[in-house]
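Okay, here's the thing in structure tokens:
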């Protein structure tokens with residue numbers, strides 16, 4: 005007998021198993037501040053045996069909206085079952101390779117992940133929505149591995165100034181108002197109402213860093229600079245909390261993080277210093 009459909013998503017869930025524990029012991033969520041290496045992390049995780057990480061699944065935007073009554077855990081159960089049955093899922097892939105930087109290319113392609121065990125590590129990534137709804141996610145996925153990527157505010161904001169995504173380039177993620185309420189909604193409304201772009205960028209970085217700092221006791225916080233310099237070490241931190249072993253299918257090459265502290269005028273530097281200094285310090289960054 006088929007399980008209930010995820011209403012409004014065209015997804016059919018398998019029935020809940022009542023005779024034994026569901027196969028959901030390995031669940032991973034990746035979030036963080038945009039342009040801090042989250043897509044790169046998805047790419048290297050997908051090079052690990054029995055690991056599937058979906059980069060920005062479109063369904064989660066609706067699942068985590070204020071009006072949704074469907075928990076994210078239902079989506080995970082649905083996707084896990086599809087993969088076990090050898091059915092395709094959609095991910096950010098081009099020419100058979102996982103996309104490391106979605107600013108360079110941002111397309112979704114159906115593919116069939118290869119896993120050897122139904123207990124594979126299943127992850128998804130979303131920066132802004134996941135970071136703003138962590139409490140709601142944890143309510144239904146209390147054992148999930150949560151990773152948050154961060155980066156020095158100078159380099160993050162320099163990247164924001166160059167990206168093609170308008171909600172990042174203009175520091176205007178108005179769609180987040182569909183996912184938050186209370187004080188977070190008021191803070192976002194203040195950011196959106198700020199006229200000067202340099203101020204908006206700095207205020208948004210500080211707001212997002214504050215969410216990471218607030219939940220740091222529950223998160224694996226990954227600094228971009230550390231991750232690119234030692235990608236294998238970053239994976240070791242993540243798999244230390246997973247029940248499947250870290251088995252790389254090929255070695256990972258370290259690289260040198262790019263710095264952009266000379267990319268700003270005096271006004272932008274002043275805005276970053278004004279808004280970001282305290283939250284950056286808690287993440288290990290000095291301005």
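In our numbering, the protein residues as written are 5 to 291. In this text, a Cβ means the ideal position worked out from N, Cα and C, and glycines have one as well.
| Asked | Found |
| --- | --- |
| Per DSSP, cross-strand counterpart(s) of residue 115 | 93 |
| Continuous alpha helix (DSSP H) assignments of at least 4 residues falling wholly in the segment 23-79 | 42-49 and 63-67 |
| Buried/exposed call for residue 172, threshold 16 Cβ in 10 Å | buried |
| Burial state of residue 70, where buried means 16 or more other Cβ atoms lie within 10 Å | exposed |
| Contact set for residue 202: own chain, Cβ-Cβ below 7 Å, skip 5 residues either direction | 271, 272 and 275 |
| CB of residue 255 within 7 Å of CB of residue 48, strictly | no |
| Proximal residues to residue 61 (C-beta, below 6 Å), its chain only, five neighbours per side dropped | 128 |
| Residues sharing a beta bridge with residue 224, DSSP | 151 |
| Alpha helix (DSSP H) segment containing residue 271, residue limits | 270-286 |
| For residue 192, the first and last residue of its enclosing alpha helix (DSSP H) | 186-197 |
| CA-to-CA distance, residue 82 to residue 90, given in whole angstroms | 13 Å |
| Residue 4: first and last residue of the uninterrupted alpha helix (DSSP H) it sits in | In the structure as shown, the chain begins at 5 and stops at 291. Residue 4 is therefore absent and cannot be evaluated. |
| Reference residue 148; option with closest CA among 101, 31 and 72 | 31 |
| Buried or exposed (CB count within 10 angstroms, at least 16 for buried), residue 25 | Summary for residue 25: the model assigns pLDDT 43, below 50, so the residue's position carries little reliability; its value from the coordinates is reported in the next sentence. Flag for residue 25 reads exposed. |
| Contact check, residue 216 vs residue 277, beta carbons under 7 Å | no |
| Assigned secondary structure, residue 128 (DSSP; H/G/I helix, E/B strand, else coil) | strand |
| CB-CB length for residue 38 against residue 132, believed under 8 Å | 7 Å |
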